[in-house]
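Take a look at the structure below.
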Amino acid sequence: MTDRKVRVRFAPSPTGPLHIGGVRTALYNYLFAKQHGGDLIFRIEDTDSTRFVPGAEEYIIESFKWLGIPFDEGVGFGGNYGPYRQSERKDIYRKYVQVLLDGGKAYYAFDTPEELNKKREEVENFQYDASTRGMMRNSLTMPKEEVERRIAEGEQYVVRFKIEPGRDIVVDDLIRGEVKINSSILDDKVLYKSADQLPTYHLANIVDDHLMEVTHVIRGEEWLPSAPLHVLLYEAFGWADTMPRFAHLPLLLKPVGNGKLSKRDGDKLGFPVFPLEWHDPKSGQISSGYREKGYLPEAVVNFLALLGWNPGNDQELMTLDEMVKLFDLSKCSKNGAKFDYVKAAWFNHQYLIQRPDTDWCPAFDKVLKENGIEATTEQEAEVVRMMKLKVIEYTDGLGNKKKRNISFPSDLWPLTKFFFVAPTEFDKEGDKFIRKNWKENTADELQQMMTVLEGIDDWSVEGQKAIIDPWTEETGIKPWNAWRVALVGTGQGPDMYELSAFLGKEEVLKRMRFAIEADPSLTSPRGGVESSNNEKQTNKVSASPLGETGEGSVCTR
RNA sequence: GGCGCUUUCGUCUAGCGGCUAGGACACAUGCCUCUCACGCAUGGAACACGGGUUCGAUUCCCGUAGGCGCUACCA
């Protein structure tokens, strides 16, 4: 058993988009397989015909493609153990169901779902098992001829696994150690349904894992309770000696409150629970995806890997290849992990800032477009292009090799919009920087500064400096912070000379004029407290944009 | 209800009988500075509870409590 080639599988059912928890399960399977030079199989478990969702299979495949987790074989990847779609393996399952039937390990049952429901209502904690099967309508209680007659007449039936009570079954779990449960609490699970001629999960799973020579089953903790059943099935088939090793992963829990992570939590708290955006074919509902939200696949993979596993040291940032080397099932934690989407964003930040500037441009284009910055002429396009490069340089810290606090490309806009759009309002009440730096005489000082600026011909950083620096010394006016308010609208942005040189003389003067005219107090309580205007309503002024500098317009120079 | 798994800072976690219980995210403060950010420094913050075992328990065992899962002709 130990000398077999490692083979693991990820086997989702195509009932909808791939949950992020499923992604982690697949990732761990991948890491384990690669570390041991083994194969990762992609199998589709579509044995529940009623829950099939069109497009789900393609979605799952595309998700892993984006995430960069490759499969070695399976649906869409080829391989010698196919078909890999369970709905295409009906004949195989029927054959093995018969083996169990012939060996007396399973039996036919004719009880209808309605009858069973009724029974469950009548008898508290009713369970179809050794204690009750003698009272039900099945091949153990009927004469052989009747069973054959019913089947021949086309009556619907199921095949149930005959579980012998009173036996302790031990599952040796790679993460949890030995888990022992008594067979008496297990019910006679349905293995096969005549209605759609398909097996249930349990039978199909065991048969496939055996036939596909799977050596390790790494799956979510929700399967732990049925693991003993699976052990029993391997025994019933006589496959106990090649039974895979089991590892049951802890679940992903919702960030706040109790319970496991669900789609709802994502919608409510504003983070995706699916790798890709998903358009539900039935309801038409759209669920957000990590890709569309601006996450990098490496970041998602890295973050997910650490949710329930760690390399045993303090290292947090690592590539897939590094993880392959470091991964260890015995270092997986046993308890569920709350999904911390704030930290997910931090991981994205880490990977985002490593990307070269050229990678930023397409993302930036999208952000600009979303915010109405679109060039309509050749000339404008050239201007936008230049601005973009400048802004990217700025986000890089203007040569300081420092990176801005950007977790997603969309964060670029609030951080850099002032490059493209003049401020149209000043939130004095809510902005400490404005309150601190815009005083009663500020407008007057800026007015003075403007007259000096108007006389400058060389608008380069050096050119401005040569005039303004002496002027500040002479007058004692320190204009920078107020100047910043006028040009940016708040306490943000690069060095003022840099910014001013970039915006150009015309635009700078225009923005200053706008702020000065909006002034008396830059519009709020502080200037005239006694003139008890309604503070809450006057603190936020959006004076009409002066002529050309309308909101959203590209500033051309 | 039954069965199983689980329990270290707010969160993810390190720890595998003796530690000032470590790191990361988040938060706070300081430094830097014409602002923000970055960076650096500092700080607050945890062994669920009760019994054992032991010279000694965060660590091992048993309970209790909390959390999670399963309990379908779903996976």
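Residue numbers for the first sequence follow this note's numbering, so the first one is 107 and each next one is one higher.
Every residue, glycine too, gets a C-beta built ideally from N, C-alpha and C.
CA nearest to the CA of residue i, picked from the options
i, options, result
"residue 336", "357, 410, 295", "295"
"residue 408", "439, 365, 457", "457"
"residue 271", "363, 238, 260, 255", "238"
"residue 525", "164, 482, 613", "613"
"residue 176", "208, 133, 290", "133"
"residue 602", "587, 203, 178", "587"
"residue 194", "210, 155, 228, 291", "155"
"residue 303", "260, 623, 417, 415", "260"
"residue 379", "405, 311, 129, 109", "129"
"residue 512", "452, 467, 169", "452"
"residue 460", "416, 402, 391, 539", "402"
"residue 163", "197, 125, 143", "125"
"residue 173", "345, 406, 288", "406"
Neighbourhood of residue i by C-beta distance below 6 Å, restricted to the same chain and skipping five residues each side
i, result
"residue 507", "Below a pLDDT of 50, predicted positions are generally treated as unreliable, and residue 507, at 41, falls in that range; the measurement from the model is reported next regardless. Once the five neighbours on either side are set aside, residue 507 has no close Cβ partner at all."
"residue 121", "157, 159"
"residue 634", "Here residue 634 scores only 38 on pLDDT, less than 50, and its place in the model should not be relied on; the value that follows carries that caveat. Cβ within range, chain order: n/a, list empty."
"residue 504", "With a pLDDT of only 35 at residue 504, under the threshold of 50, the placement of this residue in the model should not be trusted, and no figure is reported."
"residue 319", "113"
"residue 236", "271"
"residue 549", "622, 625"
Extent of the continuous alpha helix (DSSP H) to which residue i belongs
i, result
"residue 129", "126-141"
"residue 448", "447-458"
"residue 170", "162-173"
"residue 110", "Premise fails: residue 110 is in no alpha helix (DSSP H) and is neither H nor E."
"residue 520", "518-526"
"residue 372", "369-375"
"residue 570", "567-581"
"residue 591", "586-594"
"residue 409", "403-411"
"residue 616", "611-624"
"residue 366", "It is not in any alpha helix (DSSP H) - residue 366 carries neither H nor E in the DSSP assignment."
"residue 510", "Careful: residue 510 lies outside any alpha helix (DSSP H) and carries neither H nor E."
"residue 258", "250-258"
"residue 200", "196-208"
Residues that residue i bridges to, as DSSP identifies them
i, result
"residue 712", "The shown model of the chain, from 107 to 663, leaves out residue 712, and the question about it has no answer."
"residue 352", "279, 323"
"residue 266", "213, 296"
"residue 346", "Bridge partners of residue 346: none, in fact."
"residue 179", "147"
"residue 547", "BP columns for residue 547 are empty, so no partner."
"residue 443", "358"
"residue 184", "180"
"residue 287", "275"
"residue 664", "Residue 664 cannot be examined here, being either before or after the span of the chain that is shown, 107 to 663."
"residue 244", "215"
Cβ-based neighbour list, residue i, same chain, cut-off 8 Å, excluding 5 preceding and 5 following
i, result
"residue 315", "115, 323, 350"
"residue 412", "422"
"residue 279", "285, 330, 333, 352, 353, 354"
"residue 436", "280, 281"
"residue 615", "556, 559, 560"
Element boundaries [beta strand (DSSP E), containing residue i]
i, result
"residue 474", "It is not in any beta strand (DSSP E) - residue 474 instead sits in the alpha helix (DSSP H) that spans 463-476."
"residue 299", "296-299"
Supposed close pair residue i, residue j - CB separation, criterion 8 Å
i, j, result
"residue 529", "residue 595", "3 Å"
"residue 431", "residue 141", "7 Å"
"residue 514", "residue 137", "Incorrect: roughly 26 Å between the Cβ atoms, too far for contact."
"residue 360", "residue 371", "4 Å"
"residue 522", "residue 500", "7 Å"
"residue 211", "residue 268", "6 Å"
"residue 305", "residue 199", "4 Å"
"residue 215", "residue 263", "6 Å"
"residue 445", "residue 367", "5 Å"
"residue 213", "residue 293", "13 Å between Cβ atoms; not a contact."
Close Cβ partners of residue i (< 7 Å) along its chain, the five nearest in sequence each way excluded
i, result
"residue 167", "182"
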